[in-house]
Amino acid sequence: MAYGTFLVFLGFAVVMVIGGVVVNYLLMPYHPGAEKRTTYECGLDPIGEAQVRYSLRFYVFALMYVVFAVEAAFLLPWAVVYRTMSGFMPLTEALIFIFILVLGLAFAWEKGELKWD
Amino acid sequence: MALLKELLYNSGKPLSEFSSWMHAIWAGWGMPGFLLDFIFQLVIVLAVTAVLVLNALWIIYYDRKISALMQIRKGPNRVGPFGLLQTLADTVKLLIKEDVNPKKIDILSFWIAPLIIFIPTFAVFLVLPFGNGLVPADLNIGILYIIAITGLSVIGILAAGWGSNNKYSLIGGMRSAAQIVSYEIPMVLVILAVVLMSGTMKMSGIVAAQSNRVWFVVPQFLGFIIFLIAGNAEVNRAPFDLPEAESELVAGFNTEYSAMKFAFFYLAEYTNLFLTSAVAATLFLGGWQGPFLPPIVWFFIKTYFVITILCWIRWTFPRIRVDQLMEFSWKYLLPLALLNLVVTAVILKF
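Protein chains in written order, with this note's numbering: chain A, 1 to 117; chain B, 1001 to 1350.
So, in structure tokens, the structure goes:
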């Protein structure tokens, strides 16, 4: 039932966007022109293409994002049951896990990967 | 009167009673039950749409009015009483504008981008607890669902940036993706600390965990601050508005969009602001709980309290540089969030 509602939400969002654009197309004026359809570049004629190989300085950040997102995904179940578990085992294991990730972060920091230049 | 009071203060029980009563009648007619479920779901979706649209109309006006007050201007004051209908007029204008598609666009990613950006925004409403039992679908993975589904909007932003075939759009899209990805990590770690304290990922469970003790804003004050900063960065608002920095990138990834497609970007942006504030209010400020007034009123009061803080930040601070932006997330927020998580875990053990 709950996930059925989720599907209805998704479907309705799609219908809403498509419906909005369709209504827009029914109401809008249509005056085509070659000038109008040029790429906007502050009024000048566009120079070259924009779909070029873009220098992805963020590659390392994306990699680190994956590492930490997976870490969070692993820690979520731990966080849910943490209060119900007794003893220091859950705490120690999580601390070791986090410590390894902090080491990785410190390594990246030391290598200068966190710097933008 | 008693029924109305019950509906306002303890919505879950009368609603489920109504549902099972309807199901009994429906079964008496010999109709299949899933059809009635579908009708209920449609009613829920329509109600959420009404909330979303009305709220967007109001929140844009609110943001503009606050900016005007801070800059000693009047702000929108022509359309309707106090300019209240200004946003409605803007929407109608966007609806009847010509939709211009530049020659060089990548047609598929250009057209699909508003869809991909809008869907996660709309879907997050699924788990928002508006009141006591008043939640469209109380998934038991609540907060994880929010994290997961809001992450999808990055794809839409990249598609918009790439598909427009415009240098401003490309740079804006890339910046936005990197920014959202970077600030998501501290945010998730803070949410982890909240889950640690409440022992559940269910949104209603997190609210319930704050009922007998203090609100989580007190033990998790550092977490609340980190959440606000990261949330502000996630919705691309100043001082983190580099992806759509007007003075350098025109409008960032939505430069080439016009008419209704632009309207959906705009709608998604402001709804995201509302959602971030609503999640902050639920996780840290006790959600719908509060004395005297009905829960749903408290929910909106707390949400708008957070929105006001975010607007205040937006109109007070200058935009930061891109290197400061990335370093701030990875070198300050992330270690602080990790520290917050570890300290929470250690304190909970004793």
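We put the beta carbon where it would ideally sit given N, CA and C, even for glycine.
No experiment lies behind these values; they were computed from the predicted model shown.
- Here DSSP, grouped into helix, strand and coil, assigns L1196 (chain B) to helix.
- Below the 8 angstroms Cβ cutoff, chain B contributes no neighbours of E35 (chain A), its closest Cβ being approximately 11 angstroms away.
- Membership of N1340 (chain B) in the alpha helix (DSSP H) is indicated by the continuous run L1334 to K1349.
- With 16 or more other Cβ atoms from the protein chains shown falling within 10 Å of its own Cβ, K1167 (chain B) counts as buried.
- Between A1177 (chain B) and I1191 (chain B), the CB-CB gap reaches or exceeds 7 angstroms.
- Three or more beta-carbon pairs separated by less than 8 angstroms link the stretch 2–18 of chain A to the stretch 1042–1060 of chain B, which places the two stretches in contact.
- Here F1264 (chain B) is near P1114 (chain B), since their CB atoms are less than 7 angstroms apart.
- Between K1261 (chain B) and L1285 (chain B), the C-beta spacing is not below 7 angstroms.
- For R83 (chain A), the residues of chain B that pass the 9 angstroms Cβ criterion are L1196, M1197, S1198, G1199 and L1348, in the order they occur in the chain.
- Of all C-beta pairs linking the stretch 1237–1252 of chain B to the stretch 1301–1315 of chain B, three or more are shorter than 8 angstroms, placing the two stretches in contact.
- Note: G1131 (chain B) is bridge-paired with B:L1134 in the DSSP secondary-structure output.
- For the stretch 62–91 of chain A, the set of residues with a beta-carbon nearer than 8 angstroms to any beta-carbon of chain B comprises A62, M64, Y65, F68, A69, A72, L75, L76, A79, V80, V81, Y82, R83, T84, F88 and L91, in chain order.
- For T1255 (chain B), the nearest CB of chain A lies under 7 angstroms from its own CB, placing it at the interface with that chain.
- For I1119 (chain B), the C-beta contacts it makes with chain A under 9 angstroms involve F9, L10, A13, V14 and V17, in order along the chain.
- With respect to chain A, the C-beta atom of F1264 (chain B) has a partner C-beta closer than 7 angstroms.
- One Cα belongs to L1052 (chain B), the other to T1271 (chain B), and the distance between them is close to 7 angstroms.
- When the alpha-carbon of L1084 (chain B) is set against those of B:I1060, B:E1098 and B:N1101, the nearest one is in B:I1060.
- For K1104 (chain B), the secondary structure class from DSSP, reduced to helix, strand or coil, is coil.
- Using a CB distance cut-off of 7 angstroms, Y40 (chain A) counts as an interface residue toward chain B.
- Nearest Cα to D1099 (chain B) within the set A:A2, A:V21 and A:M16: A:V21.
- With its beta carbon at least 7 angstroms from every one in chain A, A1148 (chain B) lies outside the interface.
- Residue-level contact check: P1102 (chain B) touches chain A, since one or more beta carbons of chain A fall below 7 angstroms from its beta carbon.
- By the C-beta criterion, the stretch 1276–1296 of chain B is judged to be in contact with the stretch 1121–1130 of chain B, since at least 3 inter-stretch pairs fall below 8 angstroms.
- In the displayed model, N1010 (chain B) falls within coil according to three-state DSSP, outside both helix and strand.
- If you draw a straight line from the Cα of A1160 (chain B) to the Cα of Y3 (chain A), it comes to about 29 angstroms.
- The beta carbon of E1098 (chain B) falls within 7 angstroms of a beta carbon belonging to chain A, placing the residue at that interface.
- Using a Cβ-Cβ cut-off of 7 angstroms, P1114 (chain B) is close to V17 of chain A, given in chain order.
- In the three-state reduction of the DSSP assignment, D1063 (chain B) falls in the helix class, which pools H, G and I.
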